[in-house]
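What follows is a set of notes on a single structure, which appears directly below.
2 protein chains.
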Amino acid sequence: MTIKNDLILRAARGEKTERTPVWLMRQAGRVLPEYREVRSKMGGFKELVETPEFACEVTIQPVDVLGVDAAIIFSDILVIPEAMGLPYQMLEAKGPWFEKTIKTENDITQLRIAQSHDLHYVMDAIKLAKKELNGRVPLIGFAGAPWTIFAYMIEGSGSKTFSKAKKFLYTQPELSHQLLQKITDSTINYLKGQITAGADMLQLFDSWAGVLSHEQYKEFSLKYISQICDAIKDVPFTVFAKDAHSSRREMGKLNCDTIGLDWTMDIPESREMIGSTKTLQGNMDPCLLYASYATIKSETIKMLRAFGPDRHIANLGHGLYPDLEKEKVKYFVDTIKEFRF
Amino acid sequence: MTIKNDLILRAARGEKTERTPVWLMRQAGRVLPEYREVRSKMGGFKELVETPEFACEVTIQPVDVLGVDAAIIFSDILVIPEAMGLPYQMLEAKGPWFEKTIKTENDITQLRIAQSHDLHYVMDAIKLAKKELNGRVPLIGFAGAPWTIFAYMIEGSGSKTFSKAKKFLYTQPELSHQLLQKITDSTINYLKGQITAGADMLQLFDSWAGVLSHEQYKEFSLKYISQICDAIKDVPFTVFAKDAHSSRREMGKLNCDTIGLDWTMDIPESREMIGSTKTLQGNMDPCLLYASYATIKSETIKMLRAFGPDRHIANLGHGLYPDLEKEKVKYFVDTIKEFRF
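These protein sequence lines map, in sequence, to chains A and B. The working numbering applies: residue 29 is where the first sequence begins, and numbers increase by one. The working numbering applies: residue 29 is where the second sequence begins, and numbers increase by one.
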């Protein structure tokens with residue numbers, strides 16, 4: 029099926045676009061009253077993720093309501109540990125929580141390599157969303173990067189320091205590599221399944237890149253991200269490693285199309301470090317959307333000029349915060365869509 | 029009084045030292061059974077901070093037990109908001125909590141500029157510790173950087189994103205500057221009082237530097253850090269801004285002696301950005317101290333070589349974690365003290 033608005037795909041491939049495309053991380057979520065309405069009908073976040081009809085519905089909402097240039101499938105990075113054998117709960121106000129965590133070699137041996145059919149509900153949601161979108165905009169699929177998934181599997185929940193997960197890296201480097209390889213193999217199967225189901229573009233989220241030293245990031249994260257980049261060939265691929273300041277030069281050498289930047293990364297410095305062969309994505313501070321309309325406009329235009337007209341996909345530098353006003357989020361999107369160099 | 033071991037002071041001033049000096053952030057704390065014993069006699073963390081005899085005792089412990097080259101006064105960065113009129117509690121497992129936070133101009137108007145006598149218990153603890161140390165090693169005093177203090181005064185507690193505090197910056201920039209100036213004036217009074225009481229060296233902690241964009245960090249943090257640096261003349265001064273990757277060039281221009289690095293900052297890159305006129309402090313990953321003795325040794329020596337023999341004060345890249353083993357912490361210190369270039 030031809031995609032009518034393929035701005036994002038063209039920007040990812042480094043082709044000229046008539047304007048900068050835009051989508052938002054966590055655009056399908058609590059910022060939209062439309063989402064909260066669907067959500068209130070469900071038992072919880074996971075039920076929403078696991079019910080393709082509802083996941084599809086909230087995936088499409090931001091395209092209708094905010095006018096973004098891509099949809100992203102409504103899902104969660106932690107479906108992978110669950111498919112490998114570690115179920116989790118999403119606790120209100122506390123976030124993800126795993127009853128069982130990885131402690132020993134035996135725990136790792138018992139994990140399955142996930143296959144795409146283990147995550148049939150995601151594949152079904154993608155198929156449904158593709159049908160519903162009817163070629164209006166591309167659909168983005170995604171997964172967590174192996175280090176971030178590993179961190180949750182060891183730690184069992186979110187953490188300020190992820191010191192348990194890092195302790196495992198320092199004390200059990202060989203087991204760490206075993207586990208990371210299993211996660212990587214599962215993630216490749218999962219992402220290939222998403223392409224088969226219809227995803228037009230993929231993104232890898234390394235949310236906890238920022239707790240690792242440069243050396244550890246290369247050894248325990250980039251090595252596996254690189255395997256995934258090499259395995260995904262058919263659609264544009266984005267790597268977003270939050271707070272990975274020190275590894276931007278290495279990220280410029282990954283076999284992928286786009287590198288996501290968070291809002292603490294300087295734009296010209298990042299371009300210099302990453303090089304000219306990648307599209308950059310980002311990187312407005314989500315908190316800007318608390319500001320006045322005038323400030324949102326001027327700061328957004330400043331960001332667009334800093335990135336320049338080519339090889340840029342506009343986005344925030346992290347996900348939307350739930351208490352942002354929908355009108356201001358839409359104003360950010362509109363400002364980008366109206367701007368011409 | 030002459031200080032017998034003045035390695036740290038000499039390293040801060042850029043003088044040659046016979047070996048690299050070392051101290052640890054949060055060295056006076058739960059890692060030491062000796063600390064936990066004193067702590068168990070007290071009602072809570074704040075009572076310990078506010079009782080000069082006990083604060084002095086736990087300040088000296090790491091010098092005796094770990095053999096570090098400096099003591100740091102046992103206190104808390106949040107004594108400043110309290111002295112300005114915002115009391116706080118330290119909740120077990122949850123961290124700091126303020127009943128009243130800053131919301132309006134009137135809230136800011138009502139705040140006092142703290143004077144050093146408002147924090148007489150810190151001054152008394154410094155005097156006592158100086159007496160007890162009897163010139164063995166220098167005593168470090170400290171304060172929070174204005175942005176970090178501001179973040180707690182608006183947010184009222186710790187936070188993953190400090191989005192309330194950042195919202196205040198975006199929506200109330202003028203009030204933000206008013207509040208930051210009051211905190212800065214209070215901090216200068218406080219630090220000057222610490223020098224008068226006997227502190228041999230001072231450090232500013234900007235713990236939440238990492239949530240701000242480069243532009244906001246310059247406008248709302250570095251501007252005030254710079255005022256403090258200019259006001260402190262009589263003792264070596266260190267600025268440690270965790271995760272402030274993008275602002276290292278500007279930090280190299282501050283009127284201070286030493287810049288602290290966290291473990292995610294690449295050492296040669298930081299030296300290049302900060303320049304050769306500053307001493308660098310840091311920057312081992314605290315989690316390294318979970319590793320085997322052999323790994324601790326080899327990684328520590330690798331770090332020492334990366335910094336080189338001059339203008340380096342060895343430390344971790346963040347505070348000690350409470351569950352680290354005292355023996356391994358001491359081994360890290362010993363490895364540094366035994367190493368010769």
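Every residue gets a Cβ at the ideal spot worked out from N, C-alpha and C, and that includes glycine.
Inter-residue CB distance, residue i and residue j (contact presumed, cutoff 8 Å)
i	j	result
B:A173	B:C84	At roughly 25 Å, the Cβ-Cβ gap does not stay under 8 Å, so B:A173 and B:C84 are not in contact.
B:G57	B:I101	That pair is no contact at about 13 Å.
A:I154	A:G238	A:I154 to A:G238, Cβ: 30 Å. No contact.
A:H273	B:H273	4 Å
A:A342	A:P49	7 Å
A:M118	A:F190	Not really, about 19 Å apart at Cβ, beyond 8 Å.
A:L94	A:V86	Not really, about 12 Å apart at Cβ, beyond 8 Å.
A:L348	A:Q55	6 Å
B:L232	B:I256	6 Å
B:T129	B:M181	6 Å
Candidates the options, of which the one nearest residue i by Cα
i	options	result
A:H145	A:I211, A:N217, A:S235, A:Y252	A:N217
B:D228	B:E120, B:G71, B:D97, B:E46	B:D97
A:L317	A:G345, A:I295, A:D294	A:G345
B:Q206	B:I31, B:E133, B:D294	B:E133
B:W20	B:L139, B:W125, B:G186	Shown here, chain B extends from 29 to 369; a query on residue 20 of chain B therefore has no answer.
A:I364	A:W51, A:K270, A:D104, A:D152	A:W51
A:Q222	A:K251, A:R333, A:L147	A:L147
B:D313	B:I88, B:I324, B:I260, B:T307	B:I324
B:T328	B:E202, B:L232, B:V357	B:V357
A:R339	A:L352, A:D213, A:K306, A:K128	A:K306
A:F268	A:L208, A:A99, A:S249, A:D152	A:S249
A:F369	A:L352, A:G336, A:P115, A:F360	A:G336
B:Y245	B:L114, B:N283, B:T176, B:Q89	B:T176
B:L167	B:L139, B:E366, B:I287, B:P90	B:P90
A:L282	A:D258, A:R299, A:S298, A:I295	A:D258
Where residue i sits in the DSSP three-state scheme
i	result
B:S185	strand
B:I211	helix
A:D234	strand
A:G95	coil
B:G172	strand
A:N217	helix
B:I48	According to the sequence provided, residue 48 of chain B is Thr. The question's Ile does not apply to it. In the structure shown, B:T48 sits in coil (DSSP, three-state: anything other than H, G, I, E or B).
A:M312	strand
B:F126	strand
A:Y349	coil
A:F367	coil
B:V361	helix
A:M70	coil
B:L167	strand
B:Q55	coil
B:I31	coil
B:T266	strand
A:M293	coil
A:L250	helix
A:N283	coil
Buried versus exposed call for residue i [16 or more other C-beta atoms within 10 Å across all chains shown]
i	result
A:A322	exposed
A:M53	buried
B:M29	exposed
B:N162	exposed
A:D92	exposed
A:S304	exposed
A:W125	exposed
B:R41	exposed
B:P109	buried
B:G71	exposed
B:P115	exposed
A:T45	buried
A:T286	buried
A:Q309	buried
A:R299	buried
B:P80	buried
Proximity test, residue i beta-carbon vs the ligand COA heavy atom, cut-off 7 Å
i	result
B:Q138	Ligands are entirely absent from the displayed structure, and the ligand COA is therefore not among its contents.
* Going along the chain, which residues of the segment 299–322 of chain A sit with their C-beta nearer than 8 Å to a C-beta in chain B? -> D313, P314, C315, L316, Y318, A319, S320
* Check distances from the C-beta atoms of the segment 274–300 of chain B to those of chain A and list, in chain order, the residues that come in under 8 Å. => S274, W291, T292, M293, D294, E297
* To do: Please name the residues in the segment 131–148 of chain B whose beta-carbon is closer than 9 Å to at least one beta-carbon of chain A, in chain order.
  => none
* To do: Residues of the segment 190–201 of chain A with a CB closer than 7 Å to any CB of chain B: list them in chain order, please.
  => S191, K194, K195, Y198, T199
* **Interfacial residues, the segment 338–365 of chain B to chain A, with Cβ spacing under 7 Å** => The residues in question are Y349.
* Determine which residues of the segment 227–244 of chain A have a Cβ less than 8 Å from any Cβ of chain B, and write them out in chain order. => G238, V239, L240, S241, H242, Q244
* **Interface residues of the segment 255–271 of chain B facing chain A [CB-CB below 9 Å]** => Result list: D271.
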